[in-house]
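*Asks:* Heads up: the sequence shown begins at 0 in numbering that gives the first Met the number 0, then just goes up one per residue.
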Amino acid sequence: MLKSKSIKPVTYVGYTSNLIKRISLHNSGKGAKFTRGRKWRLIYKEKFKSKKEAISREYYIKNNRSLRNKIKNENFNSSTI
0 MLKSKSIKPV TYVGYTSNLI KRISLHNSGK GAKFTRGRKW RLIYKEKFKS KKEAISREYY
60 IKNNRSLRNK IKNENFNSST I
């Protein structure tokens with residue numbers, strides 16, 4: 000999960016096989032359309048053995064607003080790149 004570096008932060012949930020490259024793309028304005036025009040930092044990540052598992056978890060986090068807000072507000076397991 001990425002969190003924008005703005006006055007009113009928003010979050011972005013996605014999956015990738017190359018986390019560093021994906022964050023660089025988002026921060027350079029070449030990532031997903033939603034992420035353009037904002038600077039992002041990594042606040043939460045999980046690792047899976049298969050793409051299918053990753054997509055399933057991404058869907059769950061995107062649709063579970065309470066979990067997403069908990070991660071956003073508490074920044075548990077936070078990392079920066």
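Note that the Cβ used here is the ideal one computed from N, Cα and C, for glycine as well.
Locate the beta strand (DSSP E) running through S3, then write down its first and last residues.
*Replies:* As a working mapping, residue 3 is identified with position 4 in the sequence shown. It spans 1-3 - the beta strand (DSSP E) in which S3 sits, taken as one unbroken run.
*Asks:* For the beta strand (DSSP E) containing R40, list its first residue and its last residue.
*Replies:* The sequence position of residue 40 within the sequence shown is 41, counting from 1. 39-41 is the span of the beta strand (DSSP E), which, as asked, contains R40.
*Asks:* Give me the Cβ distance between I42 and K20, rounded to the nearest whole Å; I'm assuming they're in contact under 8 Å.
*Replies:* Against the sequence shown, residue 42 aligns to sequence position 43. Against the sequence shown, residue 20 aligns to sequence position 21. Not confirmed; about 18 Å, so no contact.
*Asks:* Going by Cα to Cα distance, which pick from S27, E45, K2 is closest to S16?
*Replies:* Reading the sequence shown from its first residue, position 17 is the one you call residue 16. Measuring from the Cα of S16, the nearest candidate turns out to be E45.
*Asks:* Leaving aside the five residues before and after A31 along the sequence, list all residues of the same chain whose C-beta is less than 8 Å from its C-beta, in chain order.
*Replies:* To locate residue 31, count along the sequence shown from 1; it is residue 32. Once the five neighbours on either side are set aside, the close Cβ partners of A31 are Y11, G13, H25.
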